[in-house]
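Here is the structure we will look at, set down as structure tokens.
2 protein chains.
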Amino acid sequence: MRLALIGFGNVAQEFARILLEKEKEWAVEYYEGFRVVAVSTRGKGSLVNPEGIDLRRALLDLHEGGSFSPENPERARVSSLDIIGLDFVDAIIETTTLDIAGGQPATDHLRSALSRGKHAITTNKGPIAFAYRDLQALAASVGKAFLFEGTVLDGAPVFNLVRENLPGCRITGFSGILNGTTNYILTRMEEGEGFAAALETAQKYGWAEADPSMDIDGWDAAVKVTALLNVLMGAGITPGDIDRQGIGGITLETVREARSRGQAIRLLCEGALVEGKPVGRVAPVHLPADHSLAKIRGTSSALTLKTDLAGELTVQIREPKIRETAYAVVADLLTVARRKR
Amino acid sequence: MRLALIGFGNVAQEFARILLEKEKEWAVEYYEGFRVVAVSTRGKGSLVNPEGIDLRRALLDLHEGGSFSPENPERARVSSLDIIGLDFVDAIIETTTLDIAGGQPATDHLRSALSRGKHAITTNKGPIAFAYRDLQALAASVGKAFLFEGTVLDGAPVFNLVRENLPGCRITGFSGILNGTTNYILTRMEEGEGFAAALETAQKYGWAEADPSMDIDGWDAAVKVTALLNVLMGAGITPGDIDRQGIGGITLETVREARSRGQAIRLLCEGALVEGKPVGRVAPVHLPADHSLAKIRGTSSALTLKTDLAGELTVQIREPKIRETAYAVVADLLTVARRKR
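Just so you know, the protein sequences line up as chains A and B, in that order.
So for the first sequence, this note's numbering puts the first residue at 39; every next one is plus one.
So for the second sequence, this note's numbering puts the first residue at 39; every next one is plus one.
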């Protein structure tokens with residue numbers, strides 16, 4: 039299977055490293071080799087080679103110079119859409135950064151790939167929050183895979199779990215801790231650090247962006263809630279429909295008071311049916327200390343699914359790193375390979 | 039798909055109820071109807087009807103008289119193996135009770151079904167703990183499904199999760215709370231009840247058998263650890279190979295002392311690679327209060343999987359009832375239907 043990597047940030051680079059480690063093993067297990075034939079980035083250049091990109095060199099060049107070397111013969115002046123259109127691309131792995139206003143250009147990338155009969159895998163929440171129904175219908179109409187496990191709960195199975203493991207089961211609601219950055223900050227605050235200092239620590243360790251507003255204001259969480267509502271509960275909504283409150287107003291005093299009452303403050307993500315209609319909420323709430331989600335500390339995440347037949351199931355991932363998010367791409371890719379087989 | 043229910047205890051009866059509720063919905067979704075054509079029990083009689091058993095009557099007769107009515111024209115003098123051999127049986131659902139000595143007669147039931155080219159679904163841990171490799175090889179050789187999601191963690195996905203959602207991933211170890219009865223007793227003891235009283239309460243609510251030794255002595259947990267080691271880590275062992283210690287020696291004093299040190303005692307189930315070899319352990323251990331498994335209370339269960347690529351994943355199910363265990367059968371059955379499609 040010949041792959042195009044659209045976006046080549048931390049997740050895609052880690053995916054490339056896993057592929058280099060495992061390509062021989064997978065080629066045997068799935069009766070199929072995986073070859074990256076194109077890479078496109080916004081600012082680091084693009085690479086094309088139908089025989090297979092030299093991923094080791096690509097990673098090294100980025101590491102040393104911050105962009106692909108102009109002397110690399112694979113370097114090409116092509117856009118992401120050009121690459122998606124190449125005849126010899128069978129599947130795209132879309133890992134561009136989230137656009138909160140409309141899920142672009144990721145949605146266009148996925149639509150373009152699917153409409154040309156190529157499999158589409160993404161870790162970008164935007165398209166799932168803004169265009170899930172369309173993209174899903176398009177994928178079904180061309181008989182190609184559209185998979186996005188990496189969008190929620192990093193490498194832990196959520197969408198694949200519901201699709202593969204809970205047949206005949208209806209998801210009636212969910213609650214979770216879905217944003218590692220805010221959870222890390224709230225955990226630091228429980229240990230006595232003020233909001234500003236905790237945010238700085240999160241930035242120092244790379245858990246928060248230079249502009250942390252997407253996390254702090256609850257937007258990242260709201261996009262994830264939207265994705266869950268759209269995929270698991272058929273909502274057809276966008277992130278603006280989520281009742282959203284961030285953690286900007288939480289003071290050390292609030293955290294201390296909660297603690298003294300045996301509670302923990304968590305940025306809770308919820309989805310529920312209200313009068314039969316799926317609705318979503320993101321807000322800092324006081325949880326009793328023995329609540330299973332109160333125990334989710336640091337960058338760990340968890341999602342509890344309420345179901346009609348399988349009861350209440352929780353999936354947790356402990357302090358995920360880039361490798362675990364990159365694994366979500368692996369899981370989706372190998373799922374495609376299995377289906378082909 | 040024509041089903042034979044081998045065993046008709048609580049789980050199989052609940053499965054029959056779910057089937058009655060959902061049969062029309064599933065027939066549409068899976069382009070296939072499901073019909074129970076035979077039921078066998080050890081002491082309540084057996085039923086056969088190629089056109090489909092009247093499940094409502096069967097359930098009612100059991101409820102009212104404790105066995106199938108002699109006046110029921112579907113009643114037949116046939117053994118479980120007779121039923122498995124019937125031409126018009128496409129799949130068996132094996133829910134007989136666990137035999138800790140050798141996994142019989144469940145193993146024979148499954149072997150007989152698979153060797154006759156029928157799909158085999160079970161909630162019985164015995165065959166997985168005693169004959170997994172053989173049964174799996176047999177299923178592969180005849181191209182039929184051999185599924186057993188209900189054997190560990192009730193209705194929560196474990197085996198199906200690893201098989202479907204973690205492709206390319208190696209399970210390097212696990213730890214969990216896998217026995218609801220002992221966990222319920224330990225939780226009651228944390229609330230101040232002595233061991234004997236807590237056991238009595240567990241029996242009163244139906245969480246413990248009249249002979250509770252299978253649970254108390256850690257056998258049930260050891261069989262589950264064996265099943266996990268055999269399926270997820272290729273161990274090829276039996277329950278006697280597990281380093282096993284029950285909760286019989288735990289006193290209220292021990293629980294109180296642990297609590298005063300901020301710890302919780304839990305019957306921990308563990309699997310690990312020791313010098314490359316999979317080994318298992320069941321023992322009451324002191325967990326720090328903020329350990330994620332210390333928070334598993336009452337009859338809830340949880341399993342943490344350690345993986346090479348997907349990090350550390352935990353799956354929890356909250357206070358499962360019979361319906362959730364019966365759902366595991368549903369999940370396996372609909373997985374078979376999907377594969378056929």
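Using N, Cα and C, we set each Cβ at its ideal position, and we do this for glycine too.
- In this model, I91 of chain B and T79 of chain B are separated by some 14 Å (Cα to Cα).
- Remark: C-beta atoms of C207 of chain B and D346 of chain B approach each other more closely than 9 Å.
- Against chain A, the beta carbon of L136 of chain B has no neighbour under 8 Å; the closest one sits roughly 22 Å away.
- Annotation for L341 of chain A: no alpha helix (DSSP H) segment contains it, though the beta strand (DSSP E) segment containing it runs S339 to T345.
- Within chain A, the residues placing a beta-carbon under 9 Å from that of D328 of chain B are K333 and R335, ordered along the chain.
- Cβ contact annotation for L58 of chain B (same chain, cutoff 8 Å, sequence separation greater than five): L93 and R94, in chain order.
- N217 of chain B sits close to K262 of chain B, with the two beta carbons spaced by under 9 Å.
- Contact annotation: S213 of chain B and G309 of chain B have beta-carbon atoms nearer than 9 Å.
- Counting C-beta atoms within 10 angstroms of its own C-beta, H157 of chain B has 16 or more neighbours from the protein chains shown and is therefore classed as buried.
- Contact check for Q301 of chain A against A194 of chain A fails: the beta carbons are separated by 9 Å or more.
- Counting along the chain, P165 of chain B sits inside the alpha helix (DSSP H) bounded by residues K163 to V180.
- For K333 of chain A, the secondary structure class from DSSP, reduced to helix, strand or coil, is helix.
- When 7 Å is used as the limit between beta carbons, E362 of chain B is near these residues of chain A: A348 and G349, in chain order.
- One Cα belongs to E350 of chain B, the other to P358 of chain A, and the distance between them is close to 8 Å.
- For the options B:L204, B:V196, B:A178 and B:R149, the alpha carbon positioned closest to that of D192 of chain A is the one of B:L204.
- Under DSSP, Q354 of chain B forms a beta bridge with A:T352 and B:A340.
- I303 of chain B and V317 of chain B do not touch by the CB rule: their CB atoms are close to 22 Å apart, not below 8 Å.
- In terms of CA proximity to A340 of chain B, B:L305 leads the group B:E295, B:G314, B:L305 and B:L311.
- If you ignore the 5 residues before and after L343 of chain A, its C-beta comes within less than 6 Å of the C-beta of I209, F212 and L351, all in its own chain and listed in chain order.
- Residue environment: Y68 of chain A is assigned as buried (16 or more neighbouring CB atoms within 10 Å of its CB, all protein chains considered).
- Residues A183, L185 and N198 of the same chain have their beta carbon placed closer than 8 Å to that of T373 of chain A, with the five preceding and five following residues left out of the count.
- Think of a sphere of 9 Å around the beta carbon of L325 of chain B: no beta carbon from chain A falls inside it, the nearest being about 12 Å out.
- Residue B:P88 holds the alpha-carbon nearest to the alpha-carbon of R73 of chain B among B:V66, B:P88 and B:G81.
- Residue environment analysis places E295 of chain A among the exposed positions, since fewer than 16 neighbouring C-beta atoms fall within 10 angstroms of its C-beta.
- Beta bridge pairing from DSSP links Q142 of chain A with no other residue.
- The C-beta of D99 of chain B has 16 or more other C-beta atoms within 10 Å across all chains shown, which makes the residue buried.
- Within chain A, the residues G206 have their CB atoms less than 7 Å from the CB of K60 of chain B, given in chain order.
- In this structure, the beta-carbon distance from R335 of chain A to D258 of chain B does not fall below 9 Å.
- It is roughly 16 Å from the alpha-carbon of D281 of chain A to the alpha-carbon of I215 of chain A.
- Within the same chain, and ignoring the five residues on either side of A364 of chain B in sequence, the residues whose Cβ sits closer than 7 Å to its Cβ are V49, E52, F53 and I56.
- DSSP, reduced to helix, strand and coil, places A151 of chain B within a helical segment of the structure shown.
- Minimum Cα-Cα distance from M252 of chain B among the listed residues B:R356, B:V77 and B:V320 corresponds to B:V320.
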